[in-house]
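Undergrad:
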Amino acid sequence: MSHIEQYDVKPVNKKEERNLYKKRVKIHPKRVNGTFRSLKWGLMIFTLGIYYVTPWLRWDRGPGAPDQAVLIDFPARRFYFFFIEIWPQEIYYLAGLLIIAGIGLFLVTSLVGRAWCGYACPQTVWTDLFLVVERFVEGDRAARIRLDKAPISISKATKKIIKFGLWTVISIGTGGAWVFYYADAPTLAMQLINFDAPTIAYATIGVLSFTTLTLGGLMREQVCTYMCPWPRIQAVMMDEESMTVTYRSTRGEPRSAFRKGDSWDQRGDCVDCKACVVACPMGIDIRDGQQMECITCALCIDACDNIMEKVGRPRGLIAYDSLANADRRAKDQHGSIKFIRGRTLVYAGVLVIVAAGMLAALLLRSDLDINVLHDRNPLFTALSNGDIRNGFTFKILNKSREQRTFSITAEGIDDLSLKLVGSEDLNDFTVPYVTVKPDRLQSFRLLATVPASAITSNAQSLRLILTEINTKKKVTYSTMFRGPEK
Amino acid sequence: MSEPMNEQREIDEVSGVETVGHEWDGIKELNTPIPNWWRWIFYASIVWSLGYWVAYPAIPLIDSYTTGMLGYSSRAEVAAEMVEAKENQAAQVESLRNASLEEIRTDSDLLEFALAGGRSAFMVNCSQCHGSGAQGFAGYPNLNDDEWLWGGTLDQIQYTITHGARNDVDDDAHYSDMPAFLDDEILDTKEIADVTQYVLKLSGQDHQSDEALSGAATFADECAACHSDDGSGDIDAGAPSLNNAIWLYGGSPESITKTISHSRSGVMPAWGPILDDVTVKQLAVYVHSLGGGQ
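From first to last, the protein sequence lines stand for chains A and B.
Heads up: the first sequence begins at 0 in numbering that gives the first Met the number 0, then just goes up one per residue.
Heads up: the second sequence begins at 0 in numbering that gives the first Met the number 0, then just goes up one per residue.
1) Taking Cβ positions, are E221 (chain B) and I185 (chain B) nearer each other than 8 Å?
2) Around the Cβ of V279 (chain B), are there at least 16 other Cβ atoms within 10 angstroms (buried) or fewer (exposed)?
3) Kindly list the residues whose CB is nearer than 8 Å to the CB of T478 (chain A), restricted to its own chain and excluding five residues on each side of it in sequence; keep chain order.
4) Looking at I369 (chain A) and K398 (chain A), is the spacing between their C-beta atoms short of 8 Å?
5) Measuring only between beta-carbons, confirm whether G385 (chain A) sits less than 8 Å from chain B.
6) Counting only beta-carbon atoms, is V16 (chain B) nearer than 8 Å to chain A?
7) Would you mind working out which of A:Y180, A:G315, A:R113 sits nearest D66 (chain A), comparing C-alpha positions?
8) For D145 (chain B), go through chain A and note every residue whose CB falls closer than 7 Å to its CB, in chain order.
9) Against chain B, with Cβ distances strictly below 8 Å, would N426 (chain A) count as a contact?
10) Tell me, please, which residues DSSP counts as bridged to N389 (chain A).
11) Would you please verify whether the beta carbon of T31 (chain B) is less than 8 Å from any beta carbon of chain A?
12) Does N457 (chain A) get closer than 8 Å to chain B when you measure Cβ to Cβ?
13) Which residues of chain A have a Cβ atom closer than 9 Å to the Cβ of A113 (chain B), listed in chain order?
14) Taking just the CA atoms, how far does L214 (chain A) sit from L19 (chain A)?
15) May I have the straight-line CA-CA distance separating M0 (chain B) from C293 (chain A), to the nearest angstrom?
16) Please determine, among A:D183, A:I171, A:L446, the residue with the shortest C-alpha to C-alpha distance to L417 (chain A).
17) So what's G48 (chain A) in DSSP terms, helix, strand or just coil?
18) Rounding to the nearest angstrom, what Cα-Cα distance links G291 (chain B) and I199 (chain A) in this structure?
19) Which term fits Q332 (chain A), buried or exposed, when burial requires 16 or more other beta carbons within 10 angstroms of its beta carbon?
20) Would you list, in chain order, the members of the segment 132–159 of chain B that have their beta-carbon closer than 9 Å to a beta-carbon of chain A?
21) Nearest CA to the CA of K330 (chain A): which residue from A:R364, A:L316, A:R250, A:G216?
22) Check whether the Cβ of S422 (chain A) lies closer than 8 Å to any Cβ atom in chain B.
23) Out of B:Y42, B:Y71, B:D176, point me to the one whose CA is closest to H226 (chain B)'s CA.
24) Rounded to the nearest angstrom, how far is the Cβ of A318 (chain A) from that of T245 (chain A), given a contact under 8 Å?
25) Across the segment 308–323 of chain A and the segment 227–246 of chain A, are there enough close Cβ pairs to call them in contact, namely three or more that are closer than 8 Å?
26) Using a cut-off of 8 Å between C-beta atoms, extract the partners of L446 (chain A) located in chain B.
27) Under 8 Å by Cβ, that's how I've got A54 (chain B) and M68 (chain B) pegged, so tell me the actual separation to the nearest angstrom.
28) Whole angstroms are fine: how far does the CA of L396 (chain A) sit from the CA of T466 (chain A)?
29) In chain B, which residues lie with their C-beta within 9 Å of the C-beta of N376 (chain A)?
30) For I245 (chain B), would you say it is in contact with chain A, using Cβ-to-Cβ distances shorter than 8 Å as the test?
31) Using a Cβ-Cβ cut-off of 6 Å (strictly less than) and excluding sequence neighbours within five positions of P252 (chain B), which residues of its own chain qualify?
32) For I232 (chain A), count neighbouring Cβ atoms within 10 angstroms of its own Cβ and tell me buried if that reaches 16, exposed if not.
33) Does the Cβ of V111 (chain A) have 16 or more other Cβ atoms within 10 Å, making it buried, or fewer, making it exposed?
34) Could you tell me whether any Cβ in chain B is nearer than 8 Å to the Cβ of Y20 (chain A)?
35) In whole angstroms, what is the alpha-carbon distance linking K257 (chain B) and G271 (chain B)?
36) Assuming P10 (chain A) contacts D301 (chain A) (C-beta within less than 8 Å), just tell me the rounded distance between them.
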């Protein structure tokens, strides 16, 4: 058992310290090792990997279609996601995806608190990455504090320049990866290198590089505390049974410094070494209880566990726990985490329903759709022989990669005749035929004529039916046939 | 300000911040200057604006304005964009120019382009009289239906758009002139009333058979030369058909009587001198596509 160093540190963002008029005090988080740190390394590699690698994945869609697995193609107005291809008319898939993401976040927050903030939020991940660079160049906490206090010198300037240089490279890489989602990645990469990429690509990279450097490198915890609405919103998703990072005060108090050979009687397990405070990237002391600033990154758990092992006490003085559980422990009751609660069941239920709906919609997604617009002006035309004619704009969305031929028929009104304006109004046929090119929306003008004798009211229901000649696949549109007042 | 400025600086107890000395009802203003980054951006904006004044149009003068060294003008920019848009359309415009109206009608790509251009040209030039849906008004023909004063084939529509009707501009404009039978003292009111009943009979409307019978004789003498014996009209003479349900000026007895008594004649401008050939073609195809095209 060794001597435990006590750090001379103040939690700069402790509530009492956080005067509105006070300047920001820079935080120098100390590196820790442990379970959660390892988990965070893994997640960092995983999330950054997704971000950087995704645009380079290929997916064969056949000739004439882009082979990029994930591509937001604005000029052609298509969104490709592996086997899914979405047209602008299907933007509701995006709404569904956002609902799933939102409810998923609700569920995770009610179960394990601010796990998003602590592990997966880009702000956290990139700040972590920038801290790695800072530590690599300037050293760990003590060395960085010394360096920041030191007067300007060649060695200090060199270190700062190297750090900012590496940060800038990361930032440009971050902004640079973003644009690959919007164009063919290998082509755009070559264009970027040869300086003949579109201006908007360079502008986007510039803006995102700037924000990455500013938010991740310079502003860090201030983004979470002052700019982000999410920490304040998610309080409503948590309850006393939600897991969060807690200091077990019943076990830790009364805290005091510990020297080798001291007795553990009449004192708590907290040796007041402040290892949890120096590890905290948010500049708080977890022992003060739940705080808005805490992003539950769990680095204080690792820091404390290491100390507890050194002094020979059980790990988990700072640990994931629920507030209700902490109360139960305080009353010497058996602690247990309740994951299944009304709130989590509702969130999970809604999530399952929305996800199932989305999945069904995706699986049943048709490669054929129609949009029919009834002429509004004039609503109908009276012909010289008294017949009434209605005009429609008939749009056919052929989402497949083949040219397709359709017939258009009508149901609901006797003696109705259809005619298509344009190339395909083959008057020899009794029903109009149309051909639609692959992967295209084509618009036709359709005229429906009804003899005066068959007009029974000023609005008669009518169904227009599009039938694919080869597959007999049908799409029906219900509309009204308008006529004069009867 | 109750105290002179050179007094000792006052520190607010609660916030620990210096006050500026101003006091309102016991509330003192803290000295919290705007952040430096904000202030420097403000100064930079001032410097920027000086350069902007020199480079871009800035100061209004009595009858002009300072144009700036770059010579920028948003009007010129729009003009350049229009030129660019025209260049982008040049190939399609050229293929429309070279294609016959029938070729345009039967080629889906040409048709799509012609209809799009025709629709917008119609909205700009034609909708004032014919309505935005070409539904027409009394005196202005409905272009959706199947009766045509001057013919409904593609070529006839193109001719009508190019030359117009009864205008002073184009010698080739369509022309027809119906006598004002009452004003010109050709028929008296009784005869006109009888002809009105006969015309109602021709178009299948309610009428008085006795009067229609005597009107028939007058019709044969005075009207059939242009409107034909059966009232089916004559496109070459510019005489509309009277035996169907479509009326340019209304099909009520009052309206028909008024037309016979005083005559009516609408005017359509000749668009040939105003619009270019391709636009007229697009318009012809568009009007033809509305449904009445023959």
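From the three backbone atoms N, C-alpha and C, an ideal C-beta is built for every residue, glycine too.
All of these numbers come straight from a predicted model, not from anything done at the bench.
TA: The answer reads as follows:
1) Sequence index remark: in the second sequence, residue 221 (chain B) carries index 222 (1-based). Sequence index remark: in the second sequence, residue 185 (chain B) carries index 186 (1-based). Taking 8 Å as the cut-off, the beta carbon of E221 (chain B) is found closer than this to the beta carbon of I185 (chain B).
2) One-based indexing of the second sequence puts residue 279 (chain B) at position 280. By the neighbour-count rule (16 or more Cβ atoms within 10 Å), V279 (chain B) is buried.
3) Locating residue 478 (chain A) in the first sequence gives position 479, where the first residue counts as 1. V371, H373, F391, S460, L461, R462, L463.
4) Position 399 of the first sequence, counted from the start, is the residue given in the question as residue 398 (chain A). Position 370 of the first sequence, counted from the start, is the residue given in the question as residue 369 (chain A). Cβ distance not < 8 Å, so K398 (chain A) and I369 (chain A) don't count as in contact.
5) Working through the first sequence from its first residue, we reach residue 385 (chain A) at position 386. Yes - at least one Cβ of chain B is within 8 Å of the one on G385 (chain A).
6) What you label residue 16 (chain B) is simply residue 17 of the second sequence in a count that begins at 1. Taking 8 Å as the CB threshold, V16 (chain B) lines the interface with chain A.
7) By 1-based counting over the first sequence, the position of residue 66 (chain A) is 67. Measuring from the Cα of D66 (chain A), the nearest candidate turns out to be A:Y180.
8) Residue numbering aside, residue 145 (chain B) sits at position 146 when the second sequence is read from its first letter. Going along chain A in sequence order, the residues near D145 (chain B) (Cβ under 7 Å) are L382, S383.
9) Residue 426 (chain A) sits at position 427 when you count from the first residue of the first sequence. Its pLDDT being 46, under 50, N426 (chain A) is placed unreliably by the model, and nothing is read from it.
10) Here residue 389 (chain A) refers to the residue found at position 390 when the first sequence is read from its first residue. Answer is A:A447.
11) Counting from one through the second sequence, the residue named residue 31 (chain B) turns up at place 32. With 8 Å as the cut-off, T31 (chain B) counts as an interface residue toward chain A.
12) For the purposes of this step, residue 457 (chain A) is taken as residue 458 along the first sequence, with counting starting at 1. No, N457 (chain A) does not count as interfacial toward chain B.
13) For the purposes of this step, residue 113 (chain B) is identified with residue 114 of the second sequence, where counting begins at 1. Chain-order list of chain A residues neighbouring A113 (chain B): empty, with the shortest C-beta distance near 10 Å, by a criterion of under 9 Å.
14) Against the first sequence, residue 19 (chain A) aligns to sequence position 20. Against the first sequence, residue 214 (chain A) aligns to sequence position 215. Cα-Cα distance, rounded: 21 Å.
15) Here residue 0 (chain B) corresponds to residue number 1 of the second sequence, with the count starting at 1. Here residue 293 (chain A) corresponds to residue number 294 of the first sequence, with the count starting at 1. Only weak support is given to the placement of M0 (chain B): the predicted model assigns it a pLDDT of 43, under 50, and the question is left unresolved by the model.
16) Taking the first sequence and counting its residues from 1, one reaches residue 417 (chain A) at position 418. Closest by alpha carbon: A:L446.
17) On the first sequence, position 49 is the one that residue 48 (chain A) refers to. DSSP places G48 (chain A) in helix when its eight states are reduced to three.
18) Here residue 291 (chain B) corresponds to residue number 292 of the second sequence, with the count starting at 1. Here residue 199 (chain A) corresponds to residue number 200 of the first sequence, with the count starting at 1. Distance from the CA of G291 (chain B) to the CA of I199 (chain A), rounded to the nearest whole angstrom, comes to 48 Å.
19) Your numbering for residue 332 (chain A) matches position 333 in the first sequence. Exposed: under 16 other Cβ atoms inside 10 Å.
20) Of all residues in the segment 132–159 of chain B, the ones placed with a Cβ closer than 9 Å to any Cβ belonging to chain A are G132, A133, Q134, G135, N141, N143, D144, D145, E146, in chain order.
21) Locating residue 330 (chain A) in the first sequence gives position 331, where the first residue counts as 1. Restricting attention to A:R364, A:L316, A:R250, A:G216, the CA atom closest to the CA of K330 (chain A) is found in A:R250.
22) In the first sequence, residue 422 (chain A) corresponds to position 423, counting from 1. Bear in mind that a pLDDT of 48 at S422 (chain A), under 50, signals an unreliable position, so the number given afterwards is only what the model happens to contain. With respect to chain B, the C-beta atom of S422 (chain A) has a partner C-beta closer than 8 Å.
23) Along the second sequence, read from residue 1 onward, the residue named residue 226 (chain B) stands at position 227. Residue B:D176 is the option with its Cα nearest to H226 (chain B).
24) What you label residue 318 (chain A) is simply residue 319 of the first sequence in a count that begins at 1. What you label residue 245 (chain A) is simply residue 246 of the first sequence in a count that begins at 1. Yes, they are in contact, since the Cβ atoms of A318 (chain A) and T245 (chain A) sit about 7 Å apart, within 8 Å.
25) Flag = yes, the segment 308–323 of chain A and the segment 227–246 of chain A touch.
26) Looking up residue 446 (chain A) in the first sequence gives position 447. Per Cβ cutoff of 8 Å: G290.
27) Here residue 54 (chain B) corresponds to residue number 55 of the second sequence, with the count starting at 1. Here residue 68 (chain B) corresponds to residue number 69 of the second sequence, with the count starting at 1. About 5 Å separates the two Cβ atoms, so the contact holds.
28) Start at 1 with the first residue of the first sequence, and residue 466 (chain A) comes out as number 467. Start at 1 with the first residue of the first sequence, and residue 396 (chain A) comes out as number 397. Computed Cα separation, rounded: 13 Å.
29) Taking the first sequence and counting its residues from 1, the one referred to as residue 376 (chain A) is at position 377. Under the 9 Å cutoff, chain B gives G130, S131, G132, A133, Q134.
30) Residue 245 (chain B) sits at position 246 when you count from the first residue of the second sequence. Answer yes: the Cβ-Cβ gap between I245 (chain B) and chain A drops below 8 Å somewhere.
31) For the purposes of this step, residue 252 (chain B) is taken as residue 253 along the second sequence, with counting starting at 1. Same-chain partners within the cutoff: T195.
32) On the first sequence, position 233 is the one that residue 232 (chain A) refers to. I232 (chain A) should be labelled exposed.
33) Locating residue 111 (chain A) in the first sequence gives position 112, counting from the first residue. V111 (chain A) counts as buried, since at least 16 other C-beta atoms from the protein chains shown sit within 10 angstroms of its C-beta.
34) Position 21 of the first sequence, counted from the first residue, corresponds to residue 20 (chain A). Taking Cβ atoms only, chain B reaches closer than 8 Å to Y20 (chain A), which makes this a yes.
35) The residue labelled residue 257 (chain B) in the question sits at position 258 within the second sequence. The residue labelled residue 271 (chain B) in the question sits at position 272 within the second sequence. In a straight line, the C-alpha of K257 (chain B) is about 33 Å away from that of G271 (chain B).
36) Here residue 10 (chain A) is taken as the residue at index 11 of the first sequence, counted from 1. Here residue 301 (chain A) is taken as the residue at index 302 of the first sequence, counted from 1. Contact between P10 (chain A) and D301 (chain A) does not hold, since their C-beta atoms are separated by about 17 Å, which reaches or exceeds 8 Å.
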